[in-house]
Amino acid sequence: MAAPPACDVLVVGSGNAGFSAALSASQFGAKKVVLIDKCPEDWAGGNSFFTAGAYRVAHDGLKDVLPLVSNVSEEQAAKIQLAPYTEDDFLSDIRRVCEDKSDLTLSYALVSESNAAVKWLAANGIRFALSFNRQAYEVDGKINFWGGLCLKTLEGGKSLIEDHRDAARKQGIEVYFSTELLSLRHAVDGEHITAGVRNNEKETSITAGAVILAAGGFEANSAMRSRFLGPGWDKAAVRGTPYNTGESLELAQDSLGAQPVGDWAGCHSVAWDATHADPNKGDRLASNEYTKSGYPLGLMLNIHGRRFVDEGEDLRNYTYAKFGRAILEQSAHTAFQVWDAQTSGWLRAEEYRGERAERLEADTLEGLAELCAPRGLVDEDAFCKTIRAYNDAVHARPADAAAAWNPAVKDGLSTGTRLELPKSNWALAVDTPPFLAVKVTCGITFTFGGLRVDPATAQLIGADGERIPGVYCVGEMLGGLFHGNYPGGSGLTSGTVFGRRAGRAAAAHVGGRAASVVSRAAR
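Just remember that the working numbering sits 378 ahead of the position in the sequence shown, which is counted from 1.
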């Protein structure tokens with residue numbers, strides 16, 4: 379389909395942030411909202427499609443979130459332990475995990491509007507569920523949610539994008555795929571913006587009253603990764619869409635004078651399957667299942683047989699997005715995750731079943747090392763010695779300390795000071811066969827560097843500190859919110875919070891002007 383010559387609000391990007399912005403703009407009065415994406419339709423959804431669909435939300439406990447979900451029986455509800463997650467809790471997590479380097483105004487906006495944003499999505503047909511499979515452990519007959527997360531979309535990113543597209547259709551939002559943004563410039567009157575686009579290989583233009591950029595970061599561009607993230611990042615595996623290649627970030631700076639801001643050397647990266655996953659793009663069937671996030675229950679060793687992170691430093695939600703970088707920094711950019719029979723049964727099947735991971739299993743540590751050797755392990759002796767030294771530190775604890783082990787909380791079950799690199803929580807000995815290992819690499823999710831915006835409206839700020847008329851920025855392109863790391867589930871919430879704000883502001887900016895542009899174009 380040919381893209382239209384004019385619209386009230388043009389949204390660039392078909393992920394959660396883009397659809398949230400488009401829906402908001404339409405609901406706040408923009409008469410003609412158009413959303414474009416350079417990807418073909420079968421890649422709709424950007425990186426949002428590949429997420430687990432988790433939303434980090436400030437809430438008042440089970441009574442607050444239960445009306446949003448459809449997957450909880452009365453029997454389950456009676457067993458759930460879900461304490462309130464307050465705005466102070468959420469803000470504290472952002473400040474702690476991002477080393478107090480996040481823009482506080484952006485953080486306050488995200489936190490304060492998180493609950494309302496999710497309820498707005500639910501009211502518009504986005505289906506939510508309690509995340510039993512990813513965010514809860516059943517301990518002593520109780521279902522314990524942990525790490526500040528409990529909500530996800532019904533079928534992860536797949537249903538999120540399906541529901542967004544359905545909401546857009548109902549709202550009359552026009553969506554065009556295979557339509558790449560090539561240029562942006564303000565019209566002579568200063569009130570309208572001309573977007574040059576390539577629509578199905580034909581170059582044309584769209585005149586808009588306002589433009590909302592939601593086209594993602596540069597995580598799928600190996601050259602930009604090397605330039606901004608540093609040496610070796612060209613080797614990172616791409617977890618999501620191959621179409622987030624950073625051109626819109628560069629275009630906004632070069633054509634509009636947008637101001638770059640935030641952690642351009644930082645990104646969200648995780649432990650990722652090193653055997654089955656395509657390193658250049660995500661798998662739309664497997665989606666998020668190549669993530670390997672069970673390391674807090676076991677150990678991670680590099681190819682030289684050495685541990686390199688404190689696997690129990692914090693709950694997985696607060697470490698998984700930075701441990702990908704730690705893996706990338708190891709020789710060959712790979713590592714081995716290791717468990718024994720005590721903990722392997724706690725691993726999530728969707729990530730560790732045979733279809734999604736090569737499971738190396740043996741009855742002895744030496745046998746496990748032998749299996750790892752053809753997969754890149756260089757020093758089998760060091761591998762076994764490292765695990766045994768760890769086991770010795772565990773066994774040096776008082777005999778009754780193991781009773782405190784609880785994967786749903788930071789249990790304090792530590793190796794103590796006997797190791798140069800401790801394991802601070804969930805430290806059980808790896809000594810009960812059969813033993814299991816899985817080879818992992820670094821999978822990059824999204825980049826943290828972006829463009830400066832006015833937090834109230836997500837309007838772009840220029841290098842001169844002035845607002846750029848009629849242009850807004852949300853999603854991964856918005857800079858300054860995350861630094862070095864992020865609290866799991868915050869990305870989708872950010873996309874919706876600032877997408878709503880941008881859509882509302884864009885509709886207000888347009889007023890009656892863009893409608894007249896649409897009418898003139900029609901004539």
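Glycine residues also receive a C-beta, built at the ideal position from the N, C-alpha and C atoms.
**Study point:** Assigned exposure category for LYS410 - 16 Cβ within 10 Å defines buried
**Key:** buried
Check your understanding: Does the Cβ of ALA456 have 16 or more other Cβ atoms within 10 Å, making it buried, or fewer, making it exposed?
Key -> exposed
**Study point:** Spatial neighbours of GLY660 in its chain, beta-carbon cut-off 6 Å, leaving aside the 5 residues before and after
**Key:** PHE428, ARG617 and GLY618
Check your understanding: From what residue to what residue does the beta strand (DSSP E) around GLY595 run?
Key -> No residue range can be given for GLY595, since it is assigned to no beta strand (DSSP E) and is classified by DSSP as neither H nor E.
Point to revise | GLY840 - DSSP class collapsed to helix/strand/coil | key: strand
Practice item. Note down the Cα distance separating ASP386 from ALA586, rounded to an integer number of angstroms. Key: Answer to the nearest angstrom: the Cα atoms are 5 Å apart.
Check your understanding: Straight-line CA distance for ALA546 to ALA886?
Key -> 19 Å
Exercise for review: Output the distance between the C-alpha atoms of PRO752 and GLN715, rounded to the nearest integer angstrom.
Suggested key: 16 Å
Review point. Got a sec? Which residues, its chain only, sit under 7 Å from ARG901 by beta carbon, not counting five neighbours each side?
Key: Because ARG901 carries a pLDDT of 36, less than 50, the predicted location of this residue cannot be relied on, and the following value inherits that uncertainty. Cβ neighbours of ARG901 beyond the five flanking positions: none.
Review point. For GLY790, which of LEU562, GLN454 and ASN803 has the nearest alpha-carbon?
Key: ASN803
Review point. If you follow the beta strand (DSSP E) that ALA860 is part of, which residue opens it and which one closes it?
Key: Correcting the residue identity first, residue 860 is Phe in this sequence and not Ala. Premise fails: PHE860 is in no beta strand (DSSP E) and is neither H nor E.
Check your understanding: What is the DSSP secondary structure of ARG830, reduced to helix, strand or coil?
Key -> ARG830: coil per DSSP, three-state reduction.
Review point. Does the distance from the C-beta atom of VAL648 to that of TYR698 stay below 9 Å?
Key: yes
Point to revise | Residue range of the beta strand (DSSP E) that includes LYS416 | key: Per DSSP, LYS416 belongs to no beta strand (DSSP E) and is neither H nor E.
Point to revise | Nearest candidate by alpha-carbon position, reference LYS817, set PRO418, GLY391, TYR673 and LEU499 | key: Nearest C-alpha to LYS817 among PRO418, GLY391, TYR673 and LEU499: TYR673.
Check your understanding: If LEU446 sits next to LEU529, beta carbons under 8 Å apart, how far is it from one beta carbon to the other, in whole angstroms?
Key -> 7 Å
Review point. Using the C-alpha atoms, what's the distance from LEU482 back to ASP656?
Key: 37 Å
Practice item. Kindly list the residues whose CB is nearer than 6 Å to the CB of ARG563, restricted to its own chain and excluding five residues on each side of it in sequence; keep chain order. Key: THR572
Point to revise | beta strand (DSSP E) runs wholly inside the region 713-781, at least 3 long, in chain order | key: Counting whole runs of 3 or more residues, the region 713-781 contains the beta strand (DSSP E) stretches 738-740.
Review point. With 16 other CB atoms within 10 Å as the buried threshold, where does MET379 fall?
Key: Exposure of MET379 is indicated by the presence of fewer than 16 other C-beta atoms within 10 angstroms of its C-beta.
Review point. Does DSSP classify GLN708 as helix, strand or coil?
Key: coil
Review point. Leaving out five residues before and five after ILE521 in sequence, what residues of the same chain have Cβ atoms less than 6 Å from its Cβ?
Key: LYS457, ILE458 and ALA514
**Study point:** Buried or exposed by the 16-neighbour rule on C-beta atoms within 10 Å, applied to LEU738
**Key:** buried
Review point. For ASP651, which option in ALA565, ALA643 and ALA664 has the closest C-alpha, if you only look at C-alpha atoms?
Key: ALA664
Review point. So, are the CB atoms of ASN502 and LEU401 less than 9 Å apart?
Key: yes
Review point. According to DSSP, which residues form a beta bridge with CYS645?
Key: Answer is THR825.
Check your understanding: Name the DSSP bridge partner or partners of GLY574?
Key -> SER561 and SER583
**Study point:** Those runs of the alpha helix (DSSP H) which lie wholly inside the region 599-642 and span at least 4 residues
**Key:** 625-634
Review point. Unbroken beta strand (DSSP E) runs of length 3 or more, entirely within the region 383-439: which are they?
Key: 384-390 and 411-414
Check your understanding: What residue range is occupied by the uninterrupted beta strand (DSSP E) comprising ILE504?
Key -> Neither: ILE504 is in no beta strand (DSSP E) and is coded neither H nor E.
Practice item. Select from PHE813, LEU538, GLY407 and GLY610 the residue whose C-alpha is nearest the C-alpha of SER426. Key: If we check each option's Cα against that of SER426, LEU538 comes out closest.
Point to revise | Residue from GLY827, ARG694 and GLY595 whose Cα sits closest to the Cα of GLY526 | key: Looking at the Cα atoms, ARG694 is the closest of the given residues.
**Study point:** Chain-order list of residues whose beta-carbon lies under 7 Å from that of THR721 (same chain, five-residue window excluded)
**Key:** LEU675, GLY676 and LEU806
Exercise for review: Pair every Cβ in the region 834-848 with every Cβ in the region 745-765, then say whether three or more of these pairs are closer than 8 Å.
Suggested key: no
**Study point:** Pairwise C-alpha distance: LEU870 and THR819
**Key:** Rounded to the nearest whole angstrom, the CA to CA distance from THR819 to LEU870 is 24 Å.
Check your understanding: Can the beta-carbon of THR582 be found closer than 9 Å to that of ALA381?
Key -> yes
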